[in-house]
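Step one of this worksheet: look at the structure below.
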Amino acid sequence: MNRIVSISGKLKYIGLLGLPMFFSDAPIWKYLWLFWLFAFVEIFASLSIFVQSLQQLIAIPYIYLFHGFRLPDPNNYQPAIRYSLPFSGEWTVVNGGPDKETSHSWSILTQRYAYDFLILDDNGQSCSSDKTLLPNYYCYGRDVLAPADGVVVKAIDKYPDSRTYGNGSVDHAAKDIRGNYIVIRHAAKEYSLLAHLLPHSIKVQAGRQVKRGEPIAQCGNSGNTTEPHIHFQIQDGQSFLASAGLPISFAGIETKPAENYAKFDPRQVYEQKERDTSTIQRGSCVVNMESSM
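Heads up: the sequence shown begins at -5 in this note's numbering, then just goes up one per residue.
Rendered as structure tokens:
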């Protein structure tokens, strides 16, 4: 099925050759334009993911209106909690940062200050060998930790891992972008989301109190993901669709540039504006200090 979707995704671009149909009555242009219909194969193959993505876009005006067009940012928002990293050992930030240049998804307001973490080796690789086998990824199956004290408000553990093809393509095995996930309430308007968790690894249920550093699940590849990693964000409500993402302030962590990061990710890595380890950004290797856990 993934092969069909992949081929359809390429064939749809032939439709660009049909643009002259708007200026010419020649039938050939109309036939070429029909290649755009292959786009529907991609949509229907992952319809639930498409709908959820559309809902996120529709929620953007609501979030702006709810916050009076003054969204939380590092200059106007004071976090109630300073968080630990949701793992032990050294991991690398591969998406995320406190500003537009480094943001995980600046335009998707819930995920504006989200982070993606995985483990890279000294050669900038996230996988030891065959990239189609999930256990070969260094972070796969590693413990996911509670980033602060709180109460679990939602824990979903019903989706299989998505298949990885090692080329950046996605096989949506779950009907939810997040895959298996946990939402924890840490303060009145601060909720953490930890997503893409390993099937059957979640150790907590709704209503359960958790402590900072407590193992609550394991890193997996469920949901909309091209390879195993931990997705972590703080938001001002329980809703994944209609909450505003909040800037995250970390406590008791160490950070340094990830070695050979460019071999993993060719995007520009920006020099951190302030050597303040309460914030982190893409291209950094990060770790909790033992005393903070």
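Using N, Cα and C, we set each Cβ at its ideal position, and we do this for glycine too.
For residue i, which residues from the same chain have a beta carbon less than 6 Å from its beta carbon, with the 5 sequence-adjacent residues on both sides left out?
i    : result
P68  : P92, P241
L84  : According to the sequence displayed, residue 84 carries Glu and not Leu. Excluding residues within five positions, the ones whose Cβ falls inside 6 Å are C279, V281.
Y153 : A168, G173, N174, S216
R261 : none
S272 : S243, F244
E95  : Y264
S288 : The displayed coordinates of the chain run from -5 to 287. Any statement about residue 288 would go beyond what the structure contains.
Between the options, which has its C-alpha nearest residue i's C-alpha?
i    : options                : result
L13  : W23, S97, Y58          : W23
K250 : F17, Q229, Y264        : Y264
S42  : T273, Y109, D170       : D170
Q212 : S233, G173, P21        : G173
I8   : A20, D19, L28          : L28
Y77  : A108, S123, P141       : P141
A252 : L65, Y109, A108, D115  : D115
T220 : I274, P80, S156, H98   : S156
E208 : L79, F16, G90          : L79
R136 : F244, I247, S122, L112 : L112
S186 : H166, H223, Q229       : Q229
S243 : S120, V138, A108, Q262 : A108
H166 : V87, N218, A238, A74   : N218
T126 : P222, L59, I247, F258  : P222
P66  : R202, R206, Q203, K183 : K183
Y132 : V138, L139, C121       : C121
L51  : V88, P260, R106        : R106
H180 : S163, W100, V204       : V204
L139 : I224, S47, Q266        : I224
S82  : S47, I247, L191        : I247
T86  : F44, D110, L48         : D110
D151 : Y134, V164, L191       : L191
Leaving aside the five residues before and after residue i along the sequence, list all residues of the same chain whose C-beta is less than 8 Å from its C-beta, in chain order.
i    : result
A200 : V146, V147, K148, A149
H61  : A238
N130 : C121, S122, S123, D124
G162 : T220
My understanding is that residue i touches residue j, with C-beta atoms under 8 Å, so please give their C-beta distance in whole angstroms.
i    : j    : result
F234 : L188 : So it is not a contact: roughly 12 Å between Cβ atoms.
G118 : F258 : 4 Å
L128 : I54  : Wrong, their Cβ atoms sit about 33 Å apart, outside the cutoff.
R276 : V88  : 6 Å
Can you name, in chain order, every residue of its own chain whose Cβ lies under 7 Å from the Cβ of residue i, other than the five neighbours on each side?
i    : result
D11  : In the sequence on display, residue 11 carries Leu and not Asp. The residues are L26.
N254 : D116, N117, G118
Y56  : A236
Q72  : none
I75  : A142, H180, A181, E184
Q266 : Q275
Comparing the CB of residue i with every heavy atom of the ligand FMN, is any distance shorter than 7 Å?
i   : result
W85 : This structure simply doesn't include the ligand FMN, nor any ligand for that matter.
### Query
Taking the runs of the alpha helix (DSSP H) that are 4 residues or longer, which of them lie wholly in the stretch 93 to 122?
none
### Query
Along the chain, which unbroken stretches of the alpha helix (DSSP H) at least 4 residues long are found entirely within the stretch 62 to 86?
none
### Query
What are the start and end residues of each continuous beta strand (DSSP E) run of 3 or more residues lying completely inside the stretch 176 to 253, in chain order?
184 to 191, 209 to 212, 224 to 229, 247 to 251
### Those runs of the alpha helix (DSSP H) which lie wholly inside the stretch 132 to 160 and span at least 4 residues
none
### Query
Per the contact definition of three or more C-beta pairs closer than 8 Å, is the stretch 186 to 197 in contact with the stretch 157 to 164?
no
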